[in-house]
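A.B. asks: In UniProt numbering, the protein residues as written are 1 to 116.
Ideal placement from N, C-alpha and C gives every residue a C-beta, glycine not left out.
Everything numeric in this text was worked out from a predicted model, so none of it was measured.
So that we are looking at the same thing, I have put the structure below in C-alpha cells.
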Ligand code: FES
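Structure (C-alpha cells):
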C-alpha cells in the first residue's frame, strides 16, 4: 500500500540548501530535505561515517553550489541526487534515501518515488 506524508513546503527549504524535518511527532526520525530549484531529495539525517547527525548546529546544513551536502563533523561530501559520498572519510558510502516527490510545492514522502 502506498503511504504519503507531507514533510514540508518546498519554499521553506533554502534553494541550494537543506532543512531538517521529522516524520513522527516525537521527532525521532530526523530527515534532511535538500532542494535545488523545484527539485527536492530527502535522506535520514545520519552520516554513514560515524552514524551521527550530519549537522552540528540545529537545522543548519552546509551545502556547496546546490550540489553537495557536507557533514559538519569530518567534511564528507554527499551528492544531492543520490546521497553518495564523493569525497571524505566514507567515500563511496551513501546516505539512506527517503523517497519524496514534489506536489503543489509541497515535499511529500511517498513510497512511490517518481525520482524528483
Ligand atoms: S561523522 Fe560525518 S564525516 Fe564523520
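Output the residues surrounding the ligand FES, defined as those with a CB atom closer than 7 Å to any ligand heavy atom, in chain order.
C.D. replies: Those residues, listed in chain order, are 47, 49, 50, 52, 54, 71, 73, 74, 75, 76, 88, 89, 90.
A.B. asks: Going along the chain, which residues of its own chain have a beta-carbon closer than 7 Å to the beta-carbon of residue 9, five neighbours each way excluded?
C.D. replies: Position 9 of the chain shown holds residue 9. If we look at residue 9 and ignore the five residues flanking it on each side, its Cβ neighbours are 105, 106.
A.B. asks: Is the beta carbon of residue 33 sitting closer than 8 Å to the one on residue 7?
C.D. replies: To locate residue 33, count along the chain shown from 1; it is residue 33. To locate residue 7, count along the chain shown from 1; it is residue 7. Result yes, Cβ atoms of residue 33 and residue 7 sit closer than 8 Å.
A.B. asks: Leaving aside the five residues before and after residue 100 along the sequence, list all residues of the same chain whose C-beta is less than 8 Å from its C-beta, in chain order.
C.D. replies: For the purposes of this step, residue 100 is taken as residue 100 along the chain shown, with counting starting at 1. Correct list, in chain order: 7, 33, 40, 41, 42, 107, 108, 109, 110, 113, 116.
A.B. asks: When you compare only the Cα positions, how much space is there between residue 90 and residue 48?
C.D. replies: Here residue 90 is taken as the residue at index 90 of the chain shown, counted from 1. Here residue 48 is taken as the residue at index 48 of the chain shown, counted from 1. Looking at the two C-alpha atoms, the distance is approximately 7 Å.
A.B. asks: Taking all protein chains shown into account, decide if residue 3 is buried (16 or more other Cβ within 10 angstroms of its Cβ) or exposed.
C.D. replies: Residue numbering aside, residue 3 sits at position 3 when the chain shown is read from its first letter. With fewer than 16 Cβ atoms within 10 Å of its Cβ, residue 3 is classed as exposed.
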